[in-house]
Amino acid sequence: MRDEMLFGRPDLLKVFVSSEMRSGQLTAERVAVAKAIEESGMHFAWYWERDADAGPFSSEGICLGQSRTSDCFILILGEKLTEITSKEYTSARRSGAHCIIFTKVGCTRDPEAEQFIEQERQHVTYKPFSSTADLRSVVTAALVRHAVQAARRDQMSRHPAVADPPKALWNRLRAQGRR
Amino acid sequence: MTAKPHEEARLDRLLAMAEGGEDVFGLFEAIIASLPKKSEIRRLLGEALDAGRVAVSNGDSGPSVGAFAVLAESVMHTGPRDLAFLTCGVGAAFRSQLEAVDPSDDSNLRNVTGLLAFTSGQLGTAQRLFKESLELAEAAHDDQMAAAATLNLCNVARMRGAADRADELATRALSLYERAGDTRGEAQLRLTMISLALEAGDLDLAAVRLVDAHEITGFRQPDLTASFHHANGRLFAARSEWDEAERAMQASLRAARRSRHSDHELAALQSLAALAADAGNAGLARRRIRAAVTIARERNLTGRLAGLLPSYVAAESRAGNGDEALRSAQELLTITSETGEDPSVALSLLGATLLQTGSVEKGLQRLEEAREAIRQVTEATLEIAETKSTVFHNTVVAHRDLGTLVDHIADLVAFAHELSAEDQPKALLTLAMAAESAHLWPEVEDLLLESVVRRPRPEQAWSALVAAAQLGLQDSAGARIAVLRHALDLAQEDAQSTMAMKIRNDLALALIDDDKLDAALDLLLENAHQAREINDQVTLEQALHNSAETRRRMGNLEGAESDARSSVEIAQLLGDDELVGSALLELGLVLSEQGSLDDARDCYLKALDLVDPDGAAYASCLSGLAGLELAHERADSAIALYERALRVGKRSDLQTFESLIYLGEALALADRRRPFTRRLQQVVDMASEIPFLLHHATGLTRSARRWSQHGKPKFSGEVLAIGVMIWSLKSRDSDGELSCAAESPLIIGMSAAAFELSRQRAEREDEPGTRSAMRAELERAFKSRKSARVAMDLVVSAEEAFQDEEDGL
Numbered sequence: 001m002r003d004e005m006l007f008g009r010p011d012l013l014k015v016f017v018s019s020e021m022r023s024g025q026l027t028a029e030r031v032a033v034a035k036a037i038e039e040s041g042m043h044f045a046w047y048w049e050r051d052a053d054a055g056p057f058s059s060e061g062i063c064l065g066q067s068r069t070s071d072c073f074i075l076i077l078g079e080k081l082t083e084i085t086s087k088e089y090t091s092a093r094r095s096g097a098h099c100i101i102f103t104k105v106g107c108t109r110d111p112e113a114e115q116f117i118e119q120e121r122q123h124v125t126y127k128p129f130s131s132t133a134d135l136r137s138v139v140t141a142a143l144v145r146h147a148v149q150a151a152r153r154d155q156m157s158r159h160p161a162v163a164d165p166p167k168a169l170w171n172r173l174r175a176q177g178r179r
Numbered sequence: 180m181t182a183k184p185h186e187e188a189r190l191d192r193l194l195a196m197a198e199g200g201e202d203v204f205g206l207f208e209a210i211i212a213s214l215p216k217k218s219e220i221r222r223l224l225g226e227a228l229d230a231g232r233v234a235v236s237n238g239d240s241g242p243s244v245g246a247f248a249v250l251a252e253s254v255m256h257t258g259p260r261d262l263a264f265l266t267c268g269v270g271a272a273f274r275s276q277l278e279a280v281d282p283s284d285d286s287n288l289r290n291v292t293g294l295l296a297f298t299s300g301q302l303g304t305a306q307r308l309f310k311e312s313l314e315l316a317e318a319a320h321d322d323q324m325a326a327a328a329t330l331n332l333c334n335v336a337r338m339r340g341a342a343d344r345a346d347e348l349a350t351r352a353l354s355l356y357e358r359a360g361d362t363r364g365e366a367q368l369r370l371t372m373i374s375l376a377l378e379a380g381d382l383d384l385a386a387v388r389l390v391d392a393h394e395i396t397g398f399r400q401p402d403l404t405a406s407f408h409h410a411n412g413r414l415f416a417a418r419s420e421w422d423e424a425e426r427a428m429q430a431s432l433r434a435a436r437r438s439r440h441s442d443h444e445l446a447a448l449q450s451l452a453a454l455a456a457d458a459g460n461a462g463l464a465r466r467r468i469r470a471a472v473t474i475a476r477e478r479n480l481t482g483r484l485a486g487l488l489p490s491y492v493a494a495e496s497r498a499g500n501g502d503e504a505l506r507s508a509q510e511l512l513t514i515t516s517e518t519g520e521d522p523s524v525a526l527s528l529l530g531a532t533l534l535q536t537g538s539v540e541k542g543l544q545r546l547e548e549a550r551e552a553i554r555q556v557t558e559a560t561l562e563i564a565e566t567k568s569t570v571f572h573n574t575v576v577a578h579r580d581l582g583t584l585v586d587h588i589a590d591l592v593a594f595a596h597e598l599s600a601e602d603q604p605k606a607l608l609t610l611a612m613a614a615e616s617a618h619l620w621p622e623v624e625d626l627l628l629e630s631v632v633r634r635p636r637p638e639q640a641w642s643a644l645v646a647a648a649q650l651g652l653q654d655s656a657g658a659r660i661a662v663l664r665h666a667l668d669l670a671q672e673d674a675q676s677t678m679a680m681k682i683r684n685d686l687a688l689a690l691i692d693d694d695k696l697d698a699a700l701d702l703l704l705e706n707a708h709q710a711r712e713i714n715d716q717v718t719l720e721q722a723l724h725n726s727a728e729t730r731r732r733m734g735n736l737e738g739a740e741s742d743a744r745s746s747v748e749i750a751q752l753l754g755d756d757e758l759v760g761s762a763l764l765e766l767g768l769v770l771s772e773q774g775s776l777d778d779a780r781d782c783y784l785k786a787l788d789l790v791d792p793d794g795a796a797y798a799s800c801l802s803g804l805a806g807l808e809l810a811h812e813r814a815d816s817a818i819a820l821y822e823r824a825l826r827v828g829k830r831s832d833l834q835t836f837e838s839l840i841y842l843g844e845a846l847a848l849a850d851r852r853r854p855f856t857r858r859l860q861q862v863v864d865m866a867s868e869i870p871f872l873l874h875h876a877t878g879l880t881r882s883a884r885r886w887s888q889h890g891k892p893k894f895s896g897e898v899l900a901i902g903v904m905i906w907s908l909k910s911r912d913s914d915g916e917l918s919c920a921a922e923s924p925l926i927i928g929m930s931a932a933a934f935e936l937s938r939q940r941a942e943r944e945d946e947p948g949t950r951s952a953m954r955a956e957l958e959r960a961f962k963s964r965k966s967a968r969v970a971m972d973l974v975v976s977a978e979e980a981f982q983d984e985e986d987g988l
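Chains H and L, in that order, are what the protein sequence lines are. Letter 97 of the first sequence, counting from 1, is numbered 97 in my numbering, and no numbers are missing. Letter 438 of the second sequence, counting from 1, is numbered 617 in my numbering, and no numbers are missing.
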């Protein structure tokens with residue numbers, strides 16, 4: 001009774017913004033990422049500071065629900081990778097969201113964060129940045145690249161002409177017509 | 180569209196019989212007699228027939244009409260389907276023999292007959308019978324029957340995609356059930372209402388209705404239990420909770436089998452198939468759909484079968500079972516024809532399946548029929564909108580594959596405009612990409628721009644960026660420039676500063692492709708300036724990298740080197756290996772052109788360690804190194820490096836083409852005629868897809884020179900002739916006329932060839948007016964192509980170009 005009911009997906013593509021928050025070291029970066037995301041007109045950012053409503057749910061439940069139901073997941077990595085950030089990333093990857101990691105240049109990362117980068121950079125889009133202005137540019141470029149790749153995959157999957165029933169037919173398949 | 184007349188007639192006859200056809204008693208008794216002697220159904224129906232006859236003689240409709248309505252419904256769910264039609268028919272026959280019939284009994288009978296029509300996919304007949312049933316029930320003040328008929332009318336509306344009407348009918352049915360105190364009927368209705376909420380996408384409402392239904396159903400009857408689990412499963416699936424959805428659907432399947440309710444069993448199976456498809460398990464989905472299709476075929480449940488076949492066709496098609504997909508698509512069309520329903524989906528699927536199995540012309544014919552069928556549909560449903568969009572896509576694919584796109588482009592544009600406003604931009608982009616593959620450049624530009632401007636304003640800049648990036652060929656630069664200029668204006672007006680910088684960069688790249696280097700450089704300098712102001716090192720590095728490339732092409736090697744070095748430094752500060760490698764590659768190209776070959780080699784070697792070994796930059800580094808080896812006349816190592824570049828996985832077609840040209844030169848240097856000829860053939864094969872660039876012409880003429888240096892002028896002439904012929908194809912306009920404009924590839928290629936000829940003659944100190952062996956071979960090669968006019972055109976142009984060269988023009 002959670003997920004989509006609590007975090008229903010709107011028409012725009014949802015991009016979850018994830019990072020360590022407690023130290024406040026990445027506050028400006030989070031806002032910069034959200035701004036770049038929403039500048040596209042096709043995406044909206046979900047980030048805790050702005051979008052988490054007070055309610056009966058724990059913050060972890062809300063964050064994991066949002067990350068799991070996002071279309072794209074952006075992780076800003078500074079000095080460390082917290083447990084909740086790691087969980088958000090894992091839940092997003094498992095649910096098939098497109099994951100992008102941006103690493104801040106010039107900070108000393110703890111071994112766990114370094115190990116995470118080494119492990120994940122092979123599988124997902126990964127880019128370093130040195131300023132919030134950099135970050136906005138790499139976010140825009142990464143989202144464009146993702147959109148182009150998705151469109152090309154779509155073209156290829158329908159090439160030359162797959163007899164693909166429209167979604168409405170799947171709905172009909174799911175529907176139950178009876179007395 | 181072809182139907183099977185005997186099957187169509189059979190369904191019509193069964194329905195006519197169910198509504199009171201002749202000879203029904205004889206057939207009914209014959210079927211009963213054919214049932215096993217000790218079977219319960221044989222005993223029950225036999226006794227009911229006797230009791231019914233007695234009741235009719237007493238003028239009593241309850242044990243005759245009413246009883247056969249109840250029996251027909253039971254047989255419909257658990258017995259042979261034909262027998263259900265006949266059971267209704269017996270009830271109808273009794274009705275005709277009675278002077279007066281209890282309207283409730285008649286209502287019930289018409290309702291069950293309607294259900295038979297409904298499950299046969301005959302929605303029109305079903306709707307008429309349910310309406311008759313409702314009128315009779317209302318006349319009899321029978322709330323229970325009125326509720327049942329209203330619920331069934333609700334399901335007809337649902338199947339037709341009329342959600343609002345379905346909701347209205349469901350609400351009316353609920354109050355009738357509550358008034359009648361019919362908890363079973365109310366439970367069935369509440370379960371249907373969950374489906375309505377799900378289909379409207381209102382998951383909150385569906386969850387509330389599920390709780391209400393649970394209180395009413397109470398798991399006491401297996402058919403209701405099956406329905407409840409089914410609704411629960413659908414809700415889980417809508418929330419992407421796949422494991423829970425799977426468990427609920429399996430529970431529904433078990434309950435349906437316990438109740439021996441075919442329709443419920445099929446519903447569960449097809450939902451399980453959809454779940455497997457959603458979870459990405461195509462194999463399991465196909466097995467489940469196939470099981471459902473088999474049951475539907477065996478039990479003659481054509482309504483269900485019609486719903487299953489589209490997904491089944493797709494599943495079999497994807498699995499490569501073209502014959503089964505084709506057969507099933509044809510079967511769907513036949514069913515549609517029998518039931519009189521809209522054939523557009525069936526025609527669309529049949530057309531697509533034919534395309535996929537290689538019958539493109541037949542497929543196109545079906546797609547055209549589908550388009551026409553869609554035009555006849557007055558109701559705008561999601562299904563129709565999606566079908567129209569699919570038909571459009573496949574029609575474009577068919578014309579592209581048949582090479583008839585150019586003749587139908589205007590009609591396809593009109594077709595795109597028939598789609599929903601939401602689907603039009605995507606359709607126009609699809610058409611633009613197809614037009615690109617057919618080299619219809621003006622159309623590409625118009626379509627691309629229209630695909631963008633038809634989107635809502637806030638989406639346009641983004642869409643333009645993505646659409647421009649999707650076009651693959653360098654020749655589409657004009658279209659990309661037009662759409663990106665529009666996007667840049669919008670982004671600047673709307674203060675989308677990050678987007679504007681990205682657009683400016685991509686626009687500059689398109690301008691470089693279109694050889695508009697000054698305009699490209701202006702944009703890149705503007706980006707560099709803005710990036711410095713806001714400390715955006717990423718954009719600054721990109722701008723410097725691209726300006727280095729632009730200046731290199733402009734011949735400003737000093738400026739290019741400065742920009743390339745700055746680009747390397749920034750990339751190193753950012754710590755992005757791929758970026759550093761790419762910047763070093765650009766610096767290597769600049770240094771190579773400056774003649775600093777050792778420094779260029781260092782750059783290429785460093786870059787090789789940093790970039791993706793399967794990527795295009797890696798291939799470029801290898802080609803760069805090979806070029807240096809060639810410059811040092813080290814043929815074997817140059818050949819080895821070009822061969823390695825040609826094995827890189829993600830190289831572009833342009834890189835492949837250029838590597839082949841330069842590999843040819845290396846092979847000519849090594850005097851290896853046979854592999855040279857093989858590679859030259861690959862150049863010829865690829866040439867039509869590759870835009871003309873000056874260095875392609877000089878690359879080939881250098882090969883000619885190498886052969887000449889080996890004392891093999893005949894080979895030289897042949898290479899020049901092939902080059903000129905490749906470029907003559909690229910210099911023809913849409914009417915096939917040869918362009919002799921100064922910038923046309925032919926004239927440039929001719930000039931390169933003529934230069935090489937004059938160079939050779941000067942080296943040999945031939946007398947003016949004599950013909951070198953190379954030139955003689957050039958002319959011979961033209962003439963041997965049989966196309967005399969083309970050969971003459973080419974020779975005349977060659978002569979002119981040659982003469983121009985000699986005159987020093």
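Using N, Cα and C, we set each Cβ at its ideal position, and we do this for glycine too. What you are looking at is a predicted structure, and each value in this text was computed from that prediction instead of being measured.
* List, in order along the chain, the chain H residues whose C-beta lies closer than 8 Å to that of E278(L)? -> Within 8 Å Cβ-Cβ: nothing; E278(L) doesn't reach chain H, min ~30 Å.
Would you mind reading off the limits of the alpha helix (DSSP H) that contains A272(L)?
R260 to Q276
* Does the beta carbon of W421(L) come closer than 7 Å to any beta carbon on chain H? -> no
Under 9 Å Cβ-Cβ, which residues of chain H neighbour K681(L)?
S137, T140, A141 and V144
Who are the neighbours of L1075(L) on chain H, taking C-beta pairs under 8 Å?
Here chain L covers residues 180 to 988 and nothing more, so residue 1075(L) does not appear.
- request: At 9 Å on the CB atoms, spell out the chain L contacts of G61(H), in chain order.
  value: Those do not exist, as G61(H) stays about 15 Å from chain L at its closest Cβ, beyond 9 Å.
- What are the residues that DSSP puts in a beta bridge with T880(L)? Answer is none; T880(L) lacks a bridge partner.
- Message: Suppose you measure from the CA of G519(L) to the CA of I553(L); what does that come to, to the nearest Å?
- Response: 14 Å
Original post:
Among Q429(L), Q323(L), D261(L) and T266(L), which one has its Cα closest to the Cα of A359(L)?
Top reply: Q323(L)
Q. So, is A28(H) buried or exposed, given that buried needs 16 or more other C-beta atoms within 10 angstroms?
A. exposed
C-alpha distance - L194(L) paired with V254(L), whole-angstrom precision: 15 Å
So, helix, strand or coil for P128(H), using DSSP? strand
- Task: Please report how far the alpha carbon of G738(L) lies from the alpha carbon of P621(L), in whole angstroms.
- Result: 35 Å
Quiz prompt | Which residues DSSP lists as bridging L13(H), in chain order | solution = H43(H)
- Message: Which residue wins for smallest C-alpha separation from L628(L), given the options E601(L), A666(L) and S599(L)?
- Response: A666(L)
**Prompt:** Between the C-alpha atoms of C107(H) and R50(H), what's the straight-line distance to the nearest angstrom?
**Reply:** 26 Å
- Separation of L377(L) from R388(L), as counted between CA atoms: 10 Å
Within 8 Å, do at least three Cβ pairs link the region 461-473 of chain L to the region 486-506 of chain L? yes
May I have the straight-line CA-CA distance separating L77(H) from E712(L), to the nearest angstrom?
25 Å
Of the choices A434(L), H409(L), L262(L) and E425(L), whose alpha-carbon is the least far from that of Q400(L)?
A434(L)
Please report the straight-line C-alpha distance between T677(L) and Q751(L), rounded to a whole angstrom. 23 Å
message = Could you compute how far the alpha carbon of N706(L) sits from the alpha carbon of S616(L)?
response = 32 Å
Considering T532(L), what are the terminal residues of the beta strand (DSSP E) in which it resides? That residue, T532(L), is in no beta strand (DSSP E); its alpha helix (DSSP H) goes S523 to Q535.
Check your understanding: Given that a residue counts as buried once 16 or more other Cβ atoms are within 10 Å of its Cβ, and exposed if not, what is L690(L)?
Key -> buried
Item to complete: Assuming L873(L) and G902(L) form a contact by the criterion Cβ under 8 Å, report the distance between their Cβ atoms to the nearest whole angstrom.
Response: Wrong, their Cβ atoms sit about 12 Å apart, outside the cutoff.
Using only CA atoms, which one of A795(L), A819(L) and G794(L) lies nearest to G806(L)? A819(L)
Determine, for E765(L), whether the minimum Cβ-Cβ distance to residues of chain H falls below 7 Å. no
| task | Output the residue ranges of the alpha helix (DSSP H) runs that lie fully inside the region 727-782 of chain L and measure 4 residues or longer, sorted by chain position. | result | 736-753 and 756-773
### Message
Could you pull the DSSP bridge partners for S18(H) from this structure?
### Response
L75(H)
Exercise. Would you report the Cα separation of R260(L) and G231(L), rounded to the nearest angstrom?
Worked result: 21 Å
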